[in-house]
Amino acid sequence: MKKTFFLALVMLLGFALTSKAQDLSEDQTGKIYFLRSTGFAGSASAFKTFIDGEFVCKLNNKKYSVHEVPVGSHQCSVQFGGKKSKEKAEKFEVVVEPGKTVYVQLVFETGVLVNNVYCEEVTENTATQKMSYMEEDTKCL
């Protein structure tokens, strides 16, 4: 009887610890910063930013936005218009670690017939320098 009780207690304790560990991992988050300083070219219109296909912010020139996301892999994209992510929009994958920040710069390239906008990851040092002359967009509409 004692062995059965002890075994049941150990199993119950093991289950409780496992479920608690899963809850902790689900609560962990990190941040994605979108930075836009594209210069004069393309400064007239806002860029629409997306995380995992969901619209998160409309960014004007010399602005940045901060987004808290669950840890793991996320697809970031940017486009000129629309609040639905377009299939043709170039997707950029980032991996967010618990309590860490990923900095994503929005790049605008002008071409003869076509303009292109895409995302690229930058280091914290580069992002800090760029953000010193930028303003945070807290409205993100």
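Mapped onto mature numbering (1 follows the signal peptide of the UniProt record, and there is no 0), the consecutive letters of the sequence shown carry residue numbers -21 to -1, 1 to 120.
Ideal Cβ positions, reconstructed from N, Cα and C, are used throughout, including at glycine.
Since we're looking at a predicted model, the values are computed, not measured.
- The beta carbon of residue 74 sits closer than 6 Å to those of 52, all from its chain and outside the five residues before and after it, given in chain order.
- By the Cβ test, the stretch 105 to 116 is not in contact with the stretch 57 to 71, since fewer than three Cβ pairs between them sit closer than 8 Å.
- Put simply, the backbone Cα of residue 47 is about 10 Å away from that of residue 81.
- Residue state for residue 66 is assigned as coil, using DSSP reduced to three classes.
- About 4 Å separates the beta carbons of residue 44 and residue 36, which is inside the 8 Å limit, making them a contact pair.
- Taking the Cα positions, residue 50 is about 22 Å away from residue 85.
- For residue 63, same chain residues with a beta-carbon under 6 Å away, outside a window of 5 residues either side, do not exist.
- According to the DSSP assignment, residue 54 belongs to the beta strand (DSSP E) that extends over 51 to 58.
- Following the DSSP letters along the chain, one finds residue 109 inside the alpha helix (DSSP H) bounded by residues 103 to 110.
- In the three-state reduction of the DSSP assignment, residue 95 falls in the strand class, which pools E and B.
- Bridge partners of residue 84 according to DSSP: 14, 99.
- Note that the C-beta distance between residue 27 and residue 61 is below 8 Å.
- Inclusion of residue 13 and residue 96 in the CB contact set at 8 Å is not warranted, their separation being larger than that value.
- In the structure shown, the three-state DSSP call for residue 44 is strand.
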